[in-house]
Amino acid sequence: MVREIQDEIIRIKKEKGICILAHSYQAHEIMEIADYTGDSFQLSLAGKEAREDTVLMCGVHFMAETVKLLSPQKKVLLVHPEAGCPMADQVGPEFVEHFREQNPGYTVVCYINTTAALKTACDVCVTSTAVKIVNNIENENILFLPDGNLGDYVSRQVRGKNIRLFQGGCPIHAAVRAEDVAAARKAPQRAGAGPSRVRPRRGGHGRLCGIDLRIMDYARKSDAREFIIGTENSIAEHLSYELPDKEFYALSKKMLCPNMKLTTLMDVYKVLQGQGGLEIDMDPDTMVRAKRCIDEMVRLGK
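Just so you know, we're using our numbering here: the sequence shown kicks off at 3 and counts up by one.
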């Protein structure tokens, strides 16, 4: 039945000229029918380059917004309307405006996992190149938001900057404790890999600290046979399919994003048939102002 639905989805998307984007935290059966997979900014670039005029985002709301910002002429649909991001909703433009009033002269840096509304109030956006981008900012005074864990990681890699952090972050990654890491590592020969979004005292337990794409690449190239994956559990699942001769263990059963898991294969099928989904629509002023900080990221990242 799953294979039949997948075949029908592939047939319909080709017939209607629709591009499907799937974030790496989606279920494997969704990844298999996607035209492009990866992280949020990588997907927005893929959506921009795709020849199709309609793009389906299997992910969360801010990701679909970023696709629309880079492809304003395209129809962008979020497959599940209720798929949001708690971290993206933690801070709004009002906070930035108030901060600037109290602290003039700061450059405001926002992680890509933020709403378009917040991006309108920020100076530059960052993704996996956060360290490089912050290094290239001329101003020494920086406010980094919303992810305090990623901001702390950046502040420890960058010298000569006064970086103030907003104490937000991903509640799923934040739920993992040091004892979870210790318990997972009891089995010998397991290589740890965790994202820079985990808290510093836990991120330091892994052999690699980086974004999900780096974690996956590390697993492909490593000679180790067993791995503890310290990010959303979908990454361990995808790697187990791709590298069946290696063993992948989830760091914790807590590492499940409920918003990512809202999207199902049947949701994709129904949206392709014109049922459900949420079309992303923003006023022109918001789009121009939000895209400005993404353009600045590209400029600073060369």
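Every residue gets a Cβ at the ideal spot worked out from N, C-alpha and C, and that includes glycine.
Model, not experiment: these values are computed from the prediction.
If residue i and residue j are in contact, beta carbons under 8 Å, what's the gap, nearest whole angstrom?
i, j, result
"A36", "A52", "That belief does not hold up - the Cβ atoms of A36 and A52 are roughly 11 Å apart, past 8 Å."
"F168", "T116", "Actually they do not touch by this definition, with Cβ atoms about 11 Å apart."
"A119", "G86", "Incorrect: roughly 13 Å between the Cβ atoms, too far for contact."
"T109", "I135", "No, T109 and I135 are not in contact; Cβ-Cβ is about 11 Å, not under 8 Å."
"P83", "G276", "Incorrect: roughly 15 Å between the Cβ atoms, too far for contact."
"D125", "V111", "7 Å"
"I237", "R187", "Between R187 and I237 the Cβ distance is about 18 Å, and since that is not below 8 Å, they are no contact."
"V128", "I114", "7 Å"
"E31", "L267", "5 Å"
"F250", "L241", "5 Å"
With DSSP as the reference, please indicate the residues paired to residue i in a beta bridge.
i, result
"H25", "G40"
"L45", "DSSP output for L45 lists no bridge partner at all."
"V126", "V111"
"L72", "According to DSSP, which records beta bridges pairwise, L72 is partnered with nothing at all."
"K77", "T56"
"I20", "T56"
"E281", "L79"
In the DSSP assignment, the alpha helix (DSSP H) including residue i goes from what residue to what residue?
i, result
"T288", "286-302"
"I165", "Taken as a continuous stretch (DSSP letters only), I165 belongs to no alpha helix (DSSP H), being part of the beta strand (DSSP E) at 164-167."
"P95", "95-104"
"G171", "Looking at the DSSP string, G171 is not in any alpha helix (DSSP H), and its letter there is neither H nor E."
Provide the residue span of the beta strand (DSSP E) that contains residue i, from first to last.
i, result
"I35", "Counting along the chain, I35 falls outside any beta strand (DSSP E), and DSSP gives it neither H nor E."
"V59", "The residue you asked about is not Val; residue 59 is Met in the sequence shown. Looking at the DSSP string, the run of the beta strand (DSSP E) that includes M59 is 56-60."
"T109", "109-113"
"F146", "143-147"
Would you verify that the beta carbon of residue i is, or is not, closer than 8 Å to some beta carbon of chain B?
i, result
"C172", "Among the protein chains of the structure shown there is no chain B, as only one such chain exists."
Among the options, which residue has its Cα nearest to the Cα of residue i?
i, options, result
"M89", "N261, D269, T266", "N261"
"Q28", "K18, S42, E17", "S42"
"I282", "E31, T56, L145, E34", "T56"
"N137", "E67, C172, V160, A176", "V160"
"K76", "E96, F97, G49, I217", "G49"
"D247", "M257, T233, D225, L258", "D225"
"L253", "E244, V133, E239, K263", "E239"
"E142", "F250, I174, N164, L58", "N164"
"E54", "I22, V133, G303", "I22"
"M59", "I14, F101, L274", "L274"
"T288", "K121, K272, G153", "K121"
"G303", "T131, K263, M3, D149", "T131"
"C295", "M218, L71, L215", "L71"
Do the segment 165-185 and the segment 8-16 meet, that is, are 3 or more Cβ pairs less than 8 Å apart? no
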